[in-house]
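Novice:
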Amino acid sequence: KVSLQSRANAESSGRPPHLGEVHKSFVDIPAFDWPIAKFPRYKYPLADNKAFNEEEDRRCLKDVQEKITEWKKKNHDVAAIIVEPIQAEGGDNYGSPAFFKQLQKIAADNGVCFIVDEVQTGGGGTGDMWAHSHWNLDSPPDIVTFSKKLITGGYFYKDEFRIKEGYRIYNTWMGDPSKLFLLQKVIEVVKRDGLIAKTKQVGELFQRELAHLQANHSTKLSQARGLGTFAAVDFPSAAVRDQLVEKAINLGLHCGGCGEKSLRFRPSLVYDKKHVEITFDLLDKALKQGL
195 KVSLQSRANA ESSGRPPHLG EVHKSFVDIP AFDWPIAKFP RYKYPLADNK AFNEEEDRRC
255 LKDVQEKITE WKKKNHDVAA IIVEPIQAEG GDNYGSPAFF KQLQKIAADN GVCFIVDEVQ
315 TGGGGTGDMW AHSHWNLDSP PDIVTFSKKL ITGGYFYKDE FRIKEGYRIY NTWMGDPSKL
375 FLLQKVIEVV KRDGLIAKTK QVGELFQREL AHLQANHSTK LSQARGLGTF AAVDFPSAAV
435 RDQLVEKAIN LGLHCGGCGE KSLRFRPSLV YDKKHVEITF DLLDKALKQG L
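Here is the structure:
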């Protein structure tokens, strides 16, 4: 027997991370008995909480190894670890580069495939085409999945994971070549206009403005965090967060929640510095309306 190991909070609370999308629509499909390991829940700002966050890394990595060992004793080997660089639906939870390097090492030491789920983070929003590029791994992940910003769903992998048999992408959509044509054009524009480098620069401004907004509304905002323009901030409760979302939308700012009480930001790659100014002006106005 084999299992896939996923991470707690990888989907919004109350749903198993593995097969989360299936369970949203179909209640009669059983969940597999697969291990779910802990994922770090950091305190912010990072510079002020280094000791706590490093202990979070150790705690979660220990749990991963224990889960692999536990399932092996049940004659149920873990075949793969699947992890998001940022747990988006779970509330924009981040792991450090050190955490992911050690996670990859645990996978390698145990003969487990290391799969990085970049469905939400891939495509440049973090200031790099792939969020896992920020980790400076000694070797690439075994498999990387992508979708959303990248038009179609797909994956790429190390040579040793190449399937020898044919017909793995066949029939019905035939790999959806029309979407691949669109993706090719999208990538051409991204490269031509330097959108990823620009997103990294704009993201630095965005993070400063988010921290500034939090400082000015410290009774309502906490845990400001992000990478590039992929960012989030927490509210005292889901109810308060939802009030802010409604007010911001009414003022003309498109935004939404994630996790238990987080507000997330997902600007497109054409988002510029002038848009940052507009964004935080509208958020400030919404917060001053009272929640």
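For the sequence shown, the working numbering begins at 195 and goes up steadily by one. Glycine included, C-beta positions come from ideal geometry on N, C-alpha and C. All figures in this text were calculated on a predicted structure; none of them were measured in a lab.
Under the rule that 16 or more other beta-carbon atoms within 10 Å means buried, what is Glu258, buried or exposed?
Specialist: Working through the sequence shown from its first residue, we reach residue 258 at position 64. Correcting the residue identity first, residue 258 is Val in this sequence and not Glu. By the 10 Å Cβ count, Val258 comes out buried.
Novice: Taking 9 Å as the cut-off, decide whether the C-beta atoms of Tyr288 and Val396 are in contact.
Specialist: Residue numbering aside, residue 288 sits at position 94 when the sequence shown is read from its first letter. Residue numbering aside, residue 396 sits at position 202 when the sequence shown is read from its first letter. The answer is no: Cβ separation not under 9 Å.
Novice: In this structure, does DSSP put Arg458 in helix, strand or coil?
Specialist: The residue given as residue 458 occupies position 264 in the sequence shown. In this structure, Arg458 counts as strand in the three-state DSSP scheme.
Novice: In three-state DSSP terms, what is Thr338?
Specialist: The residue you call residue 338 lines up with position 144 of the sequence shown. Thr is not the amino acid found at residue 338; the sequence shown has Val there. Residue state, collapsed to three classes: strand.
Novice: Give the secondary structure of Asn287 by DSSP, where H, G and I count as helix, E and B as strand, and everything else as coil.
Specialist: By one-based count along the sequence shown, residue 287 stands at place 93. The answer is strand: DSSP assigns Asn287 an E or B state.
Novice: Can you confirm whether the region 453-463 touches the region 424-431 when touching is taken to mean that 3 or more C-beta pairs between the two stretches lie within less than 8 Å?
Specialist: yes
Novice: Given a threshold of 16 other Cβ atoms within 10 Å of its Cβ, counted over all protein chains shown, does Gln314 qualify as buried or as exposed?
Specialist: Stepping through the sequence shown from its first residue, residue 314 is reached at position 120. Under this definition Gln314 is a buried residue.
Novice: Tell me which residues share the same chain as Phe246 and place their Cβ nearer than 6 Å to its Cβ, disregarding the 5 neighbours each side in the sequence.
Specialist: Residue numbering aside, residue 246 sits at position 52 when the sequence shown is read from its first letter. Only Lys237 meet the Cβ criterion.
Novice: Take Thr346 and list the residues in its own chain whose beta-carbon comes closer than 7 Å to its own, dropping the five residues that flank it on each side.
Specialist: Locating residue 346 in the sequence shown gives position 152, counting from the first residue. These residues qualify, in order along the chain: Asp370, Lys373, Leu374 and Leu377.
Novice: Count Cβ pairs between the region 413-423 and the region 315-328 that sit closer than 8 Å; are there 3 or more?
Specialist: yes
Novice: Identify, in the order they occur along the chain, each residue of the same chain with its Cβ nearer than 8 Å to the Cβ of Asp436, setting aside the five sequence neighbours on each side.
Specialist: Locating residue 436 in the sequence shown gives position 242, where the first residue counts as 1. Within the same chain, Asp436 has close Cβ partners Gly451.
Novice: How long is the line joining the alpha carbons of His367 and Glu403, rounded to whole angstroms?
Specialist: One-based indexing of the sequence shown puts residue 367 at position 173. One-based indexing of the sequence shown puts residue 403 at position 209. Here residue 367 is Trp; the residue named in the question, His, does not match the sequence. Distance between the alpha carbons of Trp367 and Glu403 is about 44 Å.
Novice: Suppose you measure from the CA of Trp324 to the CA of Lys299; what does that come to, to the nearest Å?
Specialist: Within the sequence shown, the letter at position 130 stands for residue 324. Within the sequence shown, the letter at position 105 stands for residue 299. One C-alpha to the other measures close to 20 Å.
Novice: DSSP has Phe424 in a bridge; who is on the other side?
Specialist: Position 230 of the sequence shown, counting from 1, holds the residue named residue 424. The partner list for Phe424 (beta bridge, DSSP) reads Leu421.
Novice: May I ask you to report which of helix, strand or coil DSSP gives Gly397?
Specialist: Translated into the one-based positions of the sequence shown, residue 397 becomes position 203. Here Gly397 sits in helix by DSSP.
Novice: For the pair the region 290-297 and the region 327-336, tell me if three or more CB-CB distances fall below 8 Å.
Specialist: yes
Novice: Please report the residue range of the alpha helix (DSSP H) in which Phe226 lies.
Specialist: By 1-based counting over the sequence shown, the position of residue 226 is 32. It is not in any alpha helix (DSSP H) - Phe226 carries neither H nor E in the DSSP assignment.
Novice: Is Gln437 helix, strand or coil by DSSP?
Specialist: On the sequence shown, position 243 is the one that residue 437 refers to. If DSSP states are grouped into helix, strand and coil, Gln437 belongs with the helices.
Novice: Does the Cβ of Ile472 have 16 or more other Cβ atoms within 10 Å, making it buried, or fewer, making it exposed?
Specialist: By 1-based counting over the sequence shown, the position of residue 472 is 278. Its Cβ having fewer than 16 others within 10 Å, Ile472 is exposed.
Novice: Take the Cβ of Gln281 as the centre, count every other Cβ of all protein chains shown within 10 Å, and call the residue buried at 16 or more, exposed below.
Specialist: Reading the sequence shown from its first residue, position 87 is the one you call residue 281. Per the 10 Å Cβ criterion, buried.
Novice: Counting along the chain, where does the alpha helix (DSSP H) carrying Ile472 start and finish?
Specialist: Residue numbering aside, residue 472 sits at position 278 when the sequence shown is read from its first letter. Ile472 -> alpha helix (DSSP H) spans Lys467 to Lys482.
Novice: State the Cα-Cα distance for the pair His217 and Asn304, rounded to the nearest angstrom.
Specialist: Locating residue 217 in the sequence shown gives position 23, where the first residue counts as 1. Locating residue 304 in the sequence shown gives position 110, where the first residue counts as 1. With a pLDDT of only 45 at His217, under the threshold of 50, the placement of this residue in the model should not be trusted, and no figure is reported.
Novice: On the criterion of 16 or more Cβ atoms from any shown chain inside 10 Å, does Phe400 qualify as buried, or is it exposed?
Specialist: Numbered from its first residue, the sequence shown carries residue 400 at position 206. Per the 10 Å Cβ criterion, buried.
Novice: Check Asp271 in the structure and name its three-state DSSP category.
Specialist: The residue you call residue 271 lines up with position 77 of the sequence shown. If DSSP states are grouped into helix, strand and coil, Asp271 belongs with the strands.
Novice: For Pro334 versus Asp311, is the C-beta distance shorter than 9 Å?
Specialist: Sequence index remark: in the sequence shown, residue 334 carries index 140 (1-based). Sequence index remark: in the sequence shown, residue 311 carries index 117 (1-based). Cβ atoms of Pro334 and Asp311: not closer than 9 Å.
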